[in-house]
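*Asks:* Take this structure, written in structure tokens, and hold onto it; I'll ask about it next.
Residue numbers (the numbering used here): 51 to 329.
In structure tokens:
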């Protein structure tokens, strides 16, 4: 019997996007009823803490968050576990990569609602304007963006950071660039940080930390067995959950290579209701 649902956010629980209500009414109802009946829900996301209270308000329950791909845990409103990136390694990676592989921007995540952004040199200032406008169109999903390389580098060097994320542009060519950069960076830094390739970006977290590791630590502390967990996601950073948890669900709109790694395929998160009592 499934006791815990671990769900990704973007492209998963937030699919389809509801820029005003956060969740579709079907997903909201499903999670609320699952928790009402004694189940637990944990959000396992590449995001930081900004979106958690919005989901909790809609569902009407306290929900845990494993943020930045499992690098920190927020439970009952408290930060209970954290695995920050090494500052010196992040600075080294940034300086080596920033003028290579066609990177257009960098994102830096901590455990607050803020997201630090550095636009790559040589990129038109129009990109900055477009980024700000696009963020505003996201409604409830919008981020608190802090722009500027000086602020970014200072935070990189001195802050407690949980994810470093270079973006390689738009379109299929950016996916190729991301994979090329992944092979180079992972080979150089595999003993110092964890690197994951997700679509047109890389996600760098503390050594040994990913969604599966964070989730495994979490359920061990709760006394829940892996067989009692359902995991659901849609992209590259969810593959480790699919490989480590037998009850794995992938979104139907995902790339075929991602879907191939999951046991079940669903159109929406609320479709899990057709499975969880039978597993």
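All residues carry an ideal CB built from backbone N, CA and C; glycine is no exception.
Do the region 233-244 and the region 281-291 make contact, defined as three or more Cβ pairs closer than 8 Å?
*Replies:* Result no; under three Cβ-Cβ pairs closer than 8 Å.
*Asks:* Taking the DSSP output, what are the residues bridged to residue 128?
*Replies:* Looking at the DSSP assignment, residue 128 forms a beta bridge with 125.
*Asks:* When we look at the beta-carbon of residue 97 and count the other beta-carbons within 10 Å, is it buried (16 or more) or exposed?
*Replies:* It counts as buried.
*Asks:* What are the start and end residues of each continuous alpha helix (DSSP H) run of 4 or more residues lying completely inside the region 293-326, in chain order?
*Replies:* If we require 4 residues or more, the alpha helix (DSSP H) runs fully inside the region 293-326 come out as 306-309.
*Asks:* Tell me the rounded alpha-carbon separation between residue 292 and residue 210.
*Replies:* Using only the alpha carbons, I get a separation of about 29 Å.
*Asks:* Could you tell me the distance, in whole angstroms, from the CA atom of residue 89 to the CA atom of residue 71?
*Replies:* If you take the alpha carbons of residue 89 and residue 71, they lie about 23 Å apart.
*Asks:* Which class does residue 198 belong to by DSSP, given the choice of helix, strand or coil?
*Replies:* Coil.
*Asks:* Compare the beta carbon distance of residue 212 and residue 159 with 8 Å and say whether it is the shorter of the two.
*Replies:* Yes. Within cutoff.
*Asks:* Where does the unbroken alpha helix (DSSP H) through residue 334 begin, and where does it stop?
*Replies:* In this structure the chain extends from 51 to 329, so residue 334 is not present and cannot be described.
*Asks:* Which residue comes first and which comes last in the alpha helix (DSSP H) that contains residue 223?
*Replies:* Start and end: 222-239.
*Asks:* Measuring CA to CA, which of 237, 256, 154 and 276 is closest to residue 218?
*Replies:* Nearest option by C-alpha distance: 154.
*Asks:* Quick check on this structure: which residue in 112, 319 and 328 has the alpha carbon closest to the alpha carbon of residue 76?
*Replies:* Of the listed residues, the one whose Cα sits closest to residue 76 is 319.
*Asks:* Take residue 162 and list the residues in its own chain whose beta-carbon comes closer than 7 Å to its own, dropping the five residues that flank it on each side.
*Replies:* Contacts found: 98 and 99.
*Asks:* Residue 93: which of 268, 321 and 302 sits nearest, CA to CA?
*Replies:* Checked all of 268, 321 and 302; the closest Cα to residue 93 is 268.
*Asks:* Quick check on the DSSP output: the beta strand (DSSP E) that includes residue 277 runs from which residue to which?
*Replies:* That residue, residue 277, is in no beta strand (DSSP E); it is neither H nor E in DSSP.
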